[in-house]
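Working notes, structure below.
Here you go:
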């Protein structure tokens with residue numbers, strides 16, 4: 185597309201900037217064409233997160249998880265679930281959310297056992313990027329071992345999927361929904377009026393919500409998160425992290441106020457774009473630091489930014 189002006193509709197189904205993907209801002213989840221440029225597309229949040237996790241944040245993920253699990257007494261000698269582990273999963277299982285969940289307590293025991301099956305292979309059983317371990321998931325269309333946590337592109341390309349070696353998620357530190365609600369505006373209670381001009385100004389800044397700084401790899405379930413030493417993303421089959429997202433409201437509303445004032449004062453977009461980009465990047469970096477020190481083994485909690 186010739187201009188980011190064509191990138192304005194808040195429509196996650198729209199296939200955006202496919203011909204010249206680099207050099208544009210982006211605020212949406214959207215389809216990425218399944219071709220040779222899939223893994224390098226700037227809006228491929230999974231690939232971006234995998235790369236930064238593998239290269240710059242490896243220490244977060246490449247610990248001796250076997251030793252940690254043993255020390256916590258979460259595993260038996262053969263890496264079966266210990267009684268302590270089962271009791272913790274049972275106690276943490278939130279019965280109050282059962283209306284939103286299709287999975288049972290037994291399902292979460294099974295998922296923990298499957299994760300430990302892969303961990304049983306050695307100290308590197310859960311390490312990011314490792315591809316020399318055996319066995320691996322039995323996916324007949326995939327030939328040869330694939331790096332652990334490598335995003336799955338399609339049935340034949342990419343990695344083995346989001347459940348290997350444990351269920352995980354590539355989390356937007358500044359979530360798409362939070363930007364839509366408190367910066368772009370939805371016109372609902374507590375949300376500013378919708379503004380396509382605000383969309384345009386953020387796109388001019390070239391901030392891409394899927395960039396590496398705004399991504400973090402997290403375990404999806406609390407059991408694995410406890411061993412890894414990080415918070416869980418959206419555990420127990422409920423796809424939401426309401427407390428985390430709500431805690432970003434004031435910071436993002438402040439950014440919207442800055443943009444609104446700049447529009448009223450008729451500031452030139454060139455003067456504003458660096459301020460927008462710097463503010464959003466700084467927020468992503470601050471959120472990452474808080475996530476890294478959150479209580480391990482429980483869901484993402486509210487942040488203080």
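Residue numbers (the numbering used here): 185 to 489.
For each residue, glycine too, the CB sits at the ideal point set by N, CA and C.
As the structure is a prediction and not an experimental result, all values here were calculated from the model.
Looking only at C-alpha atoms, which of 304, 298 and 484 sits nearest to residue 401? 484
Which residue from 386, 236, 314 and 227 puts its Cα closest to that of residue 447? 386
Short Cβ contact (7 Å threshold) for residue 366 with residue 445: no
Simplified DSSP assignment, three categories, for residue 181: Since the first and last residues shown for the chain are 185 and 489, residue 181 lies out of range.
What are the boundary residues of the alpha helix (DSSP H) that includes residue 230? 229 to 239
Return the chain-ordered ranges of every alpha helix (DSSP H) run that is complete within the stretch 364 to 413 and spans a minimum of 4 residues. 380 to 388 and 406 to 412
Just to confirm, is the Cβ distance from residue 425 to residue 227 under 7 Å? no
Three-state secondary structure assigned by DSSP to residue 332: coil
Through-space distance from residue 413 to residue 479, alpha-carbon basis: 8 Å
Taking the beta strand (DSSP E) that residue 354 belongs to, which residues open and close that run? 352 to 356
Once you ignore the five residues that flank residue 329 on each side, which residues in its own chain have a CB closer than 8 Å to its CB? 315, 316, 317, 318 and 320
Please work out which residues of its chain come closer than 6 Å, Cβ to Cβ, to residue 336, disregarding the five sequence neighbours upstream and downstream, and give them in chain order. 342, 343 and 345
So what does DSSP say about residue 424, is it helix, strand or coil? coil
May I ask you to list the residues that DSSP assigns as paired with residue 477? None, per the DSSP bridge assignment.
For the candidate residues 249, 350 and 378, whose alpha-carbon lies nearest to that of residue 416? 350
In the DSSP assignment, what residue or residues form a beta bridge with residue 483? 416
Count the C-beta pairs between the stretch 288 to 300 and the stretch 236 to 250 that are closer than 8 Å, then say yes if the count reaches three, no if not. no
According to the Cβ coordinates, are residue 481 and residue 406 closer than 7 Å? yes
Beta carbon of residue 246, beta carbon of residue 311: below 7 Å? yes
CA nearest to the CA of residue 260, picked from 304, 220, 287 and 288: 304
Closest residue to residue 289 among 451, 302 and 273 (Cα-Cα distance): 273
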